[in-house]
Structures are given as C-alpha cells and as structure tokens.
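Just add 5 to the spot in the sequence shown (first one is 1) and you have my numbering. Cβ atoms here follow ideal geometry from the backbone N, Cα and C, with glycine treated the same way. Please read all numbers here as calculations on a predicted model, not as lab measurements. This report concerns only the one structure given below.
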Amino acid sequence: MSPEAPETPTEAQASAQTPEAANEAEAPNLDFAGTTPYEDYVQADVLTHLQHLRSNDPGEMVFLVTTQVMELWFTVIVHEWETAAKALRRDDIPVAVAALKRSIRELEALNHSWKPLAGLTPAQFNSYRGSLGEGSGFQSAMYRRLEFLLGDKSASMLVPHRGAPRVHAELEKALHEPSLYDEVLRLLHRRGYAVPAAVLERDLSKKYEPSPEVEAVWTELYSGDESGDLARLGETLTDVAELVWRWRNDHLVATRRAMGSKTGTGGSAGVAWLEKRAQKNVFPELWTARSHV
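Quick look at the structure:
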C-alpha cells in the first residue's frame with residue numbers, strides 16, 4: 006500500500022478549523038452601522054412603543070395591543086379591496102379575485118383577533134374600561150373605510166373625524182367613490198346583464214339598498230354555468246361577506262360577554278347597535294338570489 010499523500014496547506018487549515026470557527030462562518034451578519042435592515046423595513050421599534058397604558062390593570066395591555074392589531078388588519082384588507090376594485094374597473098377579474106382571496110385569509114386572521122378578548126368578564130373589562138373615556142371602535146377611520154368599500158355608507162360617520170383633516174379628507178373621498186360592490190355591478194352591466202340604471206347611476210355617497218333587478222341578475226348568473234369567471238367572482242364575494250358577518254357576530258358576542266346590555270363607550274348603544282349590524286348581509290342579492298336558483 007502506498008503511503009498517504011501529505012495534506013496541502015488548504016486541507017490542513019480546513020481540518021484544523023474548530024467547531025466554533027465553523028459556526029461563526031455560518032452566522033448571519035450582526036454588525037450594522039445604524040439600525041438593522043429589519044428595523045428599517047418593519048419599524049418594529051415604533052410599533053412596540055405605541056402602547057401608552059392609562060391604568061394599572063395588567064389586562065389593559067392585551068386589550069390595547071389587540072385593538073391595534075385589528076387596525077393593522079383593517080389597513081391590509083382595505084388595500085386588498087381597493088386593489089380588487091381597480092382591477093374590476095379594467096375588467097381584470099383574475100387580479101380582482103386574487104386580491105379578494107388574499108383578503109379572505111386576512112379576514113380570518115382579523116376574526117381570530119377576538120380570541121384574546123372573547124373571554125373577558127365584566128369585572129375584568131371594567132378594571133380598565135374607564136381609560137377609554139369616550140373612545141369607541143365605531144370611531145375607527147380605517148374600519149369606516151372598510152365599511153364604505155362594502156357599500157355601507159353614511160355621511161354622518163365623517164363627523165367624528167372633523168378634527169383630523171387628512172383622515173377626514175380620505176373618508177370623504179371614499180364616501181363618494183364606487184364601493185367594491187358598485188364595481189362588481191358595473192362589470193356585470195358591461196358583460197350584458199340587466200343591472201338597472203337606477204343602481205348604476207345612484208348617489209354613491211348613500212348606503213347601497215338591495216334591488217330586485219340585481220337579485221334577478223345573480224339568479225340568472227347562478228342558474229347558468231357555475232364554472233365561469235363571474236360565478237367564481239360571486240362565490241369569492243360570498244366568502245368575503247360571510248367572514249364580515251362572522252366578524253360582526255364575534256364583536257357582538259365579545260361585547261355582550263364583557264358588558265352585557267350597558268351603554269357602549271363613546272355613548273354608542275353597545276350591544277343593541279351591534280345586534281342591528283349583525284343582522285345585515287353584505288352584498289345582499291348574492292344571498293337572496295340563492296332562493297330562486
């Protein structure tokens with residue numbers, strides 16, 4: 006057997022490398038001149054210092070953070086629905102459906118946000134409820150934009166935001182723009198379905214009201230080829246509507262459990278107001294048309 010060839014310098018250096026040195030070679034870069042690229046992108050330091058508690062109750066932190074998380078989900082969902090509305094204007098159903106499907110997953114995450122609050126007892130909620138003062142969820146500007154995109158519009162809901170010019174201007178713009186459902190109905194009209202002029206030319210700043218003629222359009226569409234792009238759009242919208250309904254019901258249940266039928270914060274009617282909201286369907290004719298197919 007021939008003797009083994011001597012190791013080259015490179016081979017010798019590799020064999021002599023310690024495990025610690027090998028781990029250091031595989032470690033990520035830890036040395037940055039300023040803040041980390043992650044911080045620059047996510048702004049985590051800003052997000053994690055937005056919690057200014059007003060009571061000494063330890064439960065206030067989860068209430069405040071959960072509410073802030075909900076606001077972030079509202080922002081994402083509004084972005085998706087605005088993306089879908091723009092795509093529908095240019096007859097791009099695949100892009101619209103993709104945005105709506107993303108929003109479905111986001112709505113599911115939003116609805117799960119109720120979990121940390123769903124088991125609050127009245128005593129637990131009362132321990133920091135006074136810290137809210139006149140604050141109430143119905144004052145959320147981003148949630149109002151979400152509702153406007155669903156066609157649930159009211160000029161009176163701009164009043165609480167008169168003191169914030171940028172927010173008020175964004176809401177006023179959204180009030181007068183077509184809702185997501187308006188864009189869907191305009192698309193159906195362009196495809197040859199008999200959406201009445203009274204619906205297409207309605208005052209967009211008013212709440213959308215169900216139309217028998219629109220119900221007939223969805224009935225016709227669902228009685229035909231369910232594999233078509235318009236039927237798929239309709240079913241995706243129905244998924245969105247169902248999750249919005251679940252959001253409203255989960256809100257109702259959490260509020261009822263935490264405070265019963267007492268007046269809500271900010272002077273709202275509390276549970277009574279939420280019960281009325283929970284009874285209303287989003288995209289109403291998509292639901293009623295099913296009785297006629």
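### Query
Between which two residues does the alpha helix (DSSP H) carrying residue 281 extend?
It spans 276-283 - the alpha helix (DSSP H) in which residue 281 sits, taken as one unbroken run.
### Query
Among the residues of its own chain, which have a CB less than 7 Å from the CB of residue 127, if the five just before and after it don't count?
263, 264 and 265
### Task
Check residue 45 in the structure and name its three-state DSSP category.
DSSP places residue 45 in helix when its eight states are reduced to three.
### Message
Closest to residue 93 by C-alpha separation, out of 297, 245, 249 and 193, would be which residue?
### Response
Closest by C-alpha distance to residue 93, out of 297, 245, 249 and 193, is 193.
### Message
I want to know whether the region 148-157 touches the region 208-228 - three or more CB-CB distances under 8 Å.
### Response
The answer is yes - the region 208-228 touches the region 148-157, with three or more Cβ pairs under 8 Å.
### Message
Which of the three DSSP states is assigned to residue 95 in this structure?
### Response
coil
#### Entry: Rounded straight-line distance, which links the Cα of residue 228 to that of residue 3
The chain is shown from 6 up to 298; residue 3 falls before or after that span and cannot be answered.
### Query
Just to confirm, are residue 109 and residue 244 a CB contact at a threshold of 7 Å?
Cβ distance < 7 Å, so residue 109 and residue 244 count as in contact.
### Message
Quick check on DSSP: helix, strand or coil for residue 169?
### Response
coil
### Bounding residues of the alpha helix (DSSP H) (the contiguous stretch that carries residue 57)
No alpha helix (DSSP H) contains residue 57, which DSSP labels as neither H nor E.
### Query
Start and end of the alpha helix (DSSP H) containing residue 207?
No alpha helix (DSSP H) holds residue 207; DSSP gives it neither H nor E.
### Task
Could you pull the start and end residues of the alpha helix (DSSP H) that residue 157 belongs to?
Premise fails: residue 157 is in no alpha helix (DSSP H) and is neither H nor E.
### Task
In angstroms with no decimal places, state the Cα-to-Cα distance between residue 187 and residue 287.
Cα atoms of residue 187 and residue 287: separation of roughly 12 Å, rounded to the nearest angstrom.
### Query
Looking at the structure shown, is residue 132 part of a helix, part of a strand, or coil, going by DSSP?
helix
### Task
Could you check if residue 85 is buried or exposed, using at least 16 other CB atoms within 10 Å of its CB as the buried criterion?
buried
### Test item: CB-CB of residue 257 and residue 283 under 7 Å
yes
### Residue range of the unbroken alpha helix (DSSP H) whose run includes residue 259
234-264
### Task
Given a cut-off of 7 Å, decide if residue 200 and residue 185 are closer than it, judged by their beta-carbon atoms.
When the beta-carbon positions are compared, residue 185 and residue 200 stay at least 7 Å from each other.
### Task
Quick one: give me the first and last residue of the alpha helix (DSSP H) that residue 298 is part of.
Here residue 298 belongs to no alpha helix (DSSP H), and DSSP marks it neither H nor E.
### Query
Is residue 164 helix, strand or coil by DSSP?
helix
### 8 Å contact criterion, which residue 180 and residue 160 should meet: CB distance rounded
6 Å
### Query
What are the boundary residues of the alpha helix (DSSP H) that residue 188 is part of?
185-195
### Query
What is the DSSP secondary structure of residue 213, counted as helix, strand or coil?
Residue state, collapsed to three classes: coil.
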